[in-house]
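Numbering (the working numbering), first residue to last: 9 to 680.
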Ligand SMILES: *Cc1c(COP(=O)(O)O)cnc(C)c1O
């Protein structure tokens, strides 16, 4: 007789307190509303040494669980896991005071901070869609990243985010506990599991999350997995990375997975190699390197982890320290351990995240030039396409191709360029998205016939968040001459990034100063930028503004979400956009990076580039918008609609299906 599905599942996946807490949600046929059968197939493949499997390590995962394939739960959602109330800071202060945005939505797993996490999430989703046998590991941040509150115009006030993993749909604690014995601390970690299902629910990628919040750990150790990227001291930073690297590798072993490649999403996880290399001789260590790959995500100094050797020596054991000294010693600073260096030395393949970033990475690490590849990031099309656009693509599927199964077919959308019916339906789909946004922002009188631009991303100095507000007079002049403007903003700054904080402050001040001009320029800043607002904004504004200082934006992915929805790009020449700048998907402005010096990330060129931005807005962007839309009526032959079509066609390239196919062929040499 066949064993019931549920029993086989529980044999592979020992759920902690199953009967008491999970029996309603995991049954013979269903895993929180999704087919349980799929998971058995996935677990069996991961345990089968004859089948190739890939391990993926990342500090953060943005899975957009609030809007993409949410799990269901028998019991009503715990209010602690609902984030419904969002405040706004605008140049209409009285409205902000009385009204907040109420968004009715299921919870978002709060274990990410920004683009790196969103990329990791989209990677798992495309891997699942393409039936790649993969197991991912990360950390269960039980206080999330942080909750952002604006403190009137005086800046951002970070608060702890309180959520409950025990009642989060789809998330399950395992009976498995692993131990990391260190010099002073002994860290125990509970393993949790979450499954990322493929679009058709026929395949999945398990995500294993490590949790130090256990009574057997001393309080300081319990808090190590509380807040993502806590950076008050070397102790915090080293131990969070130890948990991910050493702990992640131990977790994969404890679960009995047979893995052939280990992919490190950023250097944070570089200690995974150390765990695996312990007790190996030199010959074996050399072979081990061929199983490791590392994706480098940033040319910015703060993105590379450096620690004083003496701090590392306080924490890790001799064997681990010796491996770190051997592979991870920073060549430019004696007595410093550098995890980027460690990853460069111990991974046979390294990839940068755009072609431009490939060039920059080779400049930064010339001695590794030969093994540095460039594979441009992407976004998961099922997650980021808006409903009105998806139905339009479906309607024209015969001429586009099966874009849902393979997003590369989106390039064919250019075939519809001369179809007047399609052109007006495309504009209408966009307007429908814009109306949803205006509806939500009705108290602030946001209008669908007004030019709307958005800047939303992590607030870091090199991204120059306040560039468009640099000379308010110039902006007012554009609005006077061409028509009113609506500018939407969202973004968090890392709580310990003082320069980022200054930018938030600067932006809020500028916004506040526009109080009297609200009929010409409306500026609205959303609190607590997350993937939900990421999708809402990237699919519903007219123009997506991206103004990093070249060449410091390694890739950027929010613009890719925008082009998938026909939203035009206004960008400096950096990151992924370099590859699309000549494809007529928007406008390029500002200073351009050339030559073989990386340059100074602190020389922000605010003066020159804000001027270039205003010139481009006045002469081209806003002008074309109001030419396209006169008296609320659209001119379907407008060049604006050509650009929208070109933008969507480029989404055929800038997606994670294409990226995973490149990873498979060039890095993992994956065979089913
Ligand atoms: C997509 C996304 C990002 C990444 O955007 P960049 O363009 O890479 O800065 C960051 N945060 C959220 C919430 C996102 O949805």
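Where a beta carbon is used, it is the ideal one built from N, C-alpha and C, also for glycine.
Write down every uninterrupted run of the alpha helix (DSSP H) in the stretch 446-501 whose length is 4 residues or greater and which is fully enclosed by it, in chain order. Listed in chain order, the complete alpha helix (DSSP H) runs (minimum 4 residues) inside the stretch 446-501 are 480-490.
For a quick check, are the C-beta atoms of residue 130 and residue 664 less than 7 Å apart? Residue mapping note: residue 130 aligns to position 122 of the chain shown, counting from 1. Residue mapping note: residue 664 aligns to position 656 of the chain shown, counting from 1. Yes, the Cβ-Cβ distance between residue 130 and residue 664 is below 7 Å.
C-alpha distance - residue 147 paired with residue 260, whole-angstrom precision: One-based indexing of the chain shown puts residue 147 at position 139. One-based indexing of the chain shown puts residue 260 at position 252. Going by the C-alpha atoms only, they are around 13 Å apart.
Bridge partners for residue 98 per DSSP, in chain order? Your numbering for residue 98 matches position 90 in the chain shown. Answer is 532.
Bridge partner(s) assigned by DSSP for residue 93: The sequence position of residue 93 within the chain shown is 85, counting from 1. Partner(s): 110.
Going by other Cβ atoms of all chains shown within 10 Å of its Cβ, with 16 needed for buried, is residue 552 buried or exposed? Residue mapping note: residue 552 aligns to position 544 of the chain shown, counting from 1. Answer is buried; the Cβ neighbour count reaches 16.
Quick one: what's got a C-beta closer than 6 Å to residue 317's C-beta in the same chain, skipping five residues either side? Reading the chain shown from its first residue, position 309 is the one you call residue 317. In chain order, 343 and 345 place their CB closer than 6 Å to the CB of residue 317, counting only its own chain and leaving out the 5 sequence neighbours on each side.
I'd like to check one pair, residue 435 with residue 572: are the Cβ atoms closer than 7 Å? Taking the chain shown and counting its residues from 1, the one referred to as residue 572 is at position 564. Taking the chain shown and counting its residues from 1, the one referred to as residue 435 is at position 427. Their beta carbons are not under 7 Å apart, which means residue 572 does not touch residue 435 by this criterion.
Could you give the distance in angstroms between the alpha-carbon of residue 55 and the alpha-carbon of residue 22? Numbered from 1 along the chain shown, position 47 holds the residue referred to as residue 55. Numbered from 1 along the chain shown, position 14 holds the residue referred to as residue 22. Going from the Cα of residue 55 to the Cα of residue 22 covers about 15 Å.
Candidates 212, 584 and 566, of which the one nearest residue 559 by Cα: Counted from its first residue, the chain shown places residue 559 at position 551. For the residues 212, 584 and 566, the minimum Cα distance to residue 559 belongs to 584.
Exposed or buried, what is residue 622 when buried is set at 16 or more other beta-carbons lying within 10 Å of its beta-carbon? What you label residue 622 is simply residue 614 of the chain shown in a count that begins at 1. Classification for residue 622: buried.
Write down every uninterrupted run of the alpha helix (DSSP H) in the stretch 640-678 whose length is 4 residues or greater and which is fully enclosed by it, in chain order. 647-658 and 664-670
Take the Cβ of residue 249 as the centre, count every other Cβ of all protein chains shown within 10 Å, and call the residue buried at 16 or more, exposed below. Residue 249 sits at position 241 when you count from the first residue of the chain shown. Per the 10 Å Cβ criterion, buried.
Coil, strand or helix - residue 289 by DSSP: Here residue 289 refers to the residue found at position 281 when the chain shown is read from its first residue. Coil, per DSSP.
Taking only heavy atoms of ligand 1 into account, decide whether any of them is closer than 6 Å to the Cβ of residue 538. Working through the chain shown from its first residue, we reach residue 538 at position 530. Yes; taking the cut-off as 6 Å, the Cβ of residue 538 has a heavy atom of ligand 1 nearer than that.
Is the beta carbon of residue 62 sitting closer than 7 Å to the one on residue 292? The residue given as residue 62 occupies position 54 in the chain shown. The residue given as residue 292 occupies position 284 in the chain shown. No, the pair does not count as a contact, with Cβ atoms beyond the cut-off.
Stretch pair the stretch 416-429 + the stretch 157-170: three plus CB contacts closer than 8 Å: Between the stretch 416-429 and the stretch 157-170 there are fewer than three inter-stretch CB-CB distances shorter than 8 Å, so the stretches are not counted as touching.
Heavy atom of ligand 1 within 6 Å of residue 472 beta-carbon: As a working mapping, residue 472 is identified with position 464 in the chain shown. False, no ligand heavy atom lies under 6 Å from that Cβ.
Are the stretch 520-530 and the stretch 477-484 touching, with three or more C-beta to C-beta distances below 8 Å? Three or more beta-carbon pairs separated by less than 8 Å link the stretch 520-530 to the stretch 477-484, which places the two stretches in contact.
Does the distance from the CB of residue 464 to the CB of residue 508 come in under 7 Å? In the chain shown, counting from the first residue as 1, residue 464 sits at position 456. In the chain shown, counting from the first residue as 1, residue 508 sits at position 500. Residue 508 sits away from residue 464, with the two beta carbons spaced by 7 Å or more.
Would you tell me roughly how many angstroms separate the C-alpha atoms of residue 328 and residue 294, rounded to the nearest one? On the chain shown, residue 328 is found 320 positions in, with the first residue counted as 1. On the chain shown, residue 294 is found 286 positions in, with the first residue counted as 1. Answer to the nearest angstrom: the Cα atoms are 17 Å apart.
Backbone secondary structure at residue 577 - three-state DSSP: Here residue 577 is taken as the residue at index 569 of the chain shown, counted from 1. Strand.
Out of 92, 658, 625 and 114, state which residue places its alpha-carbon closest to the alpha-carbon of residue 175. For the purposes of this step, residue 175 is identified with residue 167 of the chain shown, where counting begins at 1. With distances taken between Cα atoms, residue 175 lies closest to 114.
Going by CA-CA distance only, name the one from 673, 73 and 383 that's closest to residue 177. As a working note, residue 177 is residue 169 in the chain shown. With distances taken between CA atoms, residue 177 lies nearest to 73 out of 673, 73 and 383.
With 16 other CB atoms within 10 Å as the buried threshold, where does residue 171 fall? If you number the chain shown from 1, residue 171 lands on position 163. Classification for residue 171: buried.
Based on the DSSP output, what are the partners of residue 187 in its beta bridges? In the chain shown, the residue the question calls residue 187 occupies position 179. Paired residues: 196.
If you count every other CB in all the chains shown that lies within 10 Å of the CB of residue 616, and 16 or more means buried, which is it? Numbered from 1 along the chain shown, position 608 holds the residue referred to as residue 616. It counts as exposed.
Taking all protein chains shown into account, decide if residue 227 is buried (16 or more other Cβ within 10 angstroms of its Cβ) or exposed. Here residue 227 corresponds to residue number 219 of the chain shown, with the count starting at 1. Exposed.
Considering only residues of the same chain and omitting the five flanking positions on each side of residue 438, which have a CB-CB separation below 6 Å? The count along the chain shown starts at 1 and reaches residue 438 at position 430. Around residue 438: 574.
Excluding sequence positions up to five away, which residues of its chain have a Cβ less than 6 Å from the Cβ of residue 239? In the chain shown, residue 239 corresponds to position 231, counting from 1. Excluding residues within five positions, the ones whose Cβ falls inside 6 Å are 245 and 504.
At least three beta-carbon pairs within less than 8 Å, the stretch 124-139 to the stretch 645-662: no
Excluding the five sequence neighbours on either side, which residues of its own chain have a C-beta within less than 8 Å of the C-beta of residue 40, listed in chain order? Within the chain shown, residue 40 is the residue found at index 32, counting from 1. Cβ neighbours of residue 40 beyond the five flanking positions: 33, 34, 79, 80, 81, 177 and 178.
Ignore the nearest five residues each way along the sequence and tell me which others in residue 199's own chain have a CB closer than 6 Å to its CB. Here residue 199 corresponds to residue number 191 of the chain shown, with the count starting at 1. Same-chain partners within the cutoff: 182, 184, 216 and 259.
Residue 244, enclosing beta strand (DSSP E) - first and last residue: Start at 1 with the first residue of the chain shown, and residue 244 comes out as number 236. Not the beta strand (DSSP E): residue 244 falls in the alpha helix (DSSP H), residues 242-250.
Residues of its chain near residue 143, where Cβ-Cβ distance is below 6 Å and the 5 sequence neighbours each way are ignored: If you number the chain shown from 1, residue 143 lands on position 135. If we look at residue 143 and ignore the five residues flanking it on each side, its Cβ neighbours are 54, 63, 214 and 265.
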